[in-house]
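Engineer: Residue numbers (our numbering), protein chains in the order written: chain L, 559 to 672; chain Z, -4 to 106.
All residues carry an ideal CB built from backbone N, CA and C; glycine is no exception.
Given below as structure tokens:
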């Protein structure tokens, strides 16, 4: 298993500002992912955080809006840039070792943009 | 593209009842299927993981089944309790390693 600490758990931010969300895992993991869950919706994958290289973004998500860092195998950050009310969502960090392994999620960051 | 559907979208039952949540998926080429629980405004808690070669998994009052050929999974909850109230999500992992999530079933257990 993996224990994931995600911070902050929630925040209320002003339009036009940026927020950085941190994800810390208690063991080294190959694969780390960032998801967004808009109100009343299921999870949508934003990107795969790659250690030592640029993140791999899904269609509809771009690096300028959601820059991601992954300096090592236990830590990653997601920044939500130049926020608008449409960015109000729960952002979740996830880890697993790929293939047949189990996926684990952080507690989520509930972001409200006003 | 894989599509995952969960029925019903919402369910309300009296305490003590046994219940079944359904998950269907369109592409049977999967590594595994995982059931999660999500409390309001929170992250996901893993409940059960079923590999593509398995038929079912059990944990306490929970039992999940998988019929890969028909693209279906069920989550059975025995003797439901108010603390079981949450949204239940199923997710399938495709052979490209990506997870595809269902839309969730919101469960309310009435004391």
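Kindly indicate which three-state DSSP category residue 89 of chain Z falls into: helix, strand or coil?
Structural biologist: Position 94 of the second chain, counted from the start, is the residue given in the question as residue 89 of chain Z. If DSSP states are grouped into helix, strand and coil, residue 89 of chain Z belongs with the strands.
Engineer: In whole angstroms, give me the CA-to-CA distance for residue 56 of chain Z and residue 610 of chain L.
Structural biologist: Taking the first residue of the second chain as position 1, residue 56 of chain Z is located at position 61. Taking the first residue of the first chain as position 1, residue 610 of chain L is located at position 52. If I take the Cα positions, the gap works out to 42 Å.
Engineer: Return the CA-CA distance between residue 31 of chain Z and residue 574 of chain L, expressed in angstroms with no decimal places.
Structural biologist: For the purposes of this step, residue 31 of chain Z is taken as residue 36 along the second chain, with counting starting at 1. For the purposes of this step, residue 574 of chain L is taken as residue 16 along the first chain, with counting starting at 1. About 34 Å.
Engineer: Bridge partners of residue 58 of chain Z, per DSSP?
Structural biologist: Here residue 58 of chain Z is taken as the residue at index 63 of the second chain, counted from 1. Answer is Z/53 and Z/71, bridged to residue 58 of chain Z.
Engineer: Residues of the region 88 to 104 of chain Z with a CB closer than 8 Å to any CB of chain A: list them in chain order, please.
Structural biologist: Going by chain labels, chain A is absent from the structure shown, which instead holds the protein chains L and Z.
Engineer: Is residue 79 of chain Z helix, strand or coil by DSSP?
Structural biologist: Here residue 79 of chain Z refers to the residue found at position 84 of the second chain. If DSSP states are grouped into helix, strand and coil, residue 79 of chain Z belongs with the helices.
Engineer: Nearest CA to the CA of residue 15 of chain Z: which residue from Z/4, Z/24, Z/22 and Z/-4?
Structural biologist: As a working note, residue 15 of chain Z is residue 20 in the second chain. Cα-wise, what sits closest to residue 15 of chain Z is Z/4.
Engineer: Quick one: what's residue 653 of chain L bridged to in DSSP?
Structural biologist: As a first step, residue 653 of chain L must be located in the first chain, where it is residue number 95. BP columns for residue 653 of chain L point to L/590 and L/662.
Engineer: What residue range is occupied by the uninterrupted beta strand (DSSP E) comprising residue 629 of chain L?
Structural biologist: Locating residue 629 of chain L in the first chain gives position 71, counting from the first residue. First-last of the beta strand (DSSP E) with residue 629 of chain L: 626 to 630.
Engineer: Which two residues bound the contiguous beta strand (DSSP E) that contains residue 670 of chain L?
Structural biologist: As a first step, residue 670 of chain L is located in the first chain; it is residue number 112 there, counting from the start. Note, residue 670 of chain L: beta strand (DSSP E), 667 to 671.
Engineer: Check distances from the C-beta atoms of the region 32 to 56 of chain Z to those of chain L and list, in chain order, the residues that come in under 7 Å.
Structural biologist: Those residues of the region 32 to 56 of chain Z that come within reach of chain L (Cβ to Cβ, closer than 7 Å) are 36, 37, 38, 39, 41, 44 and 46.
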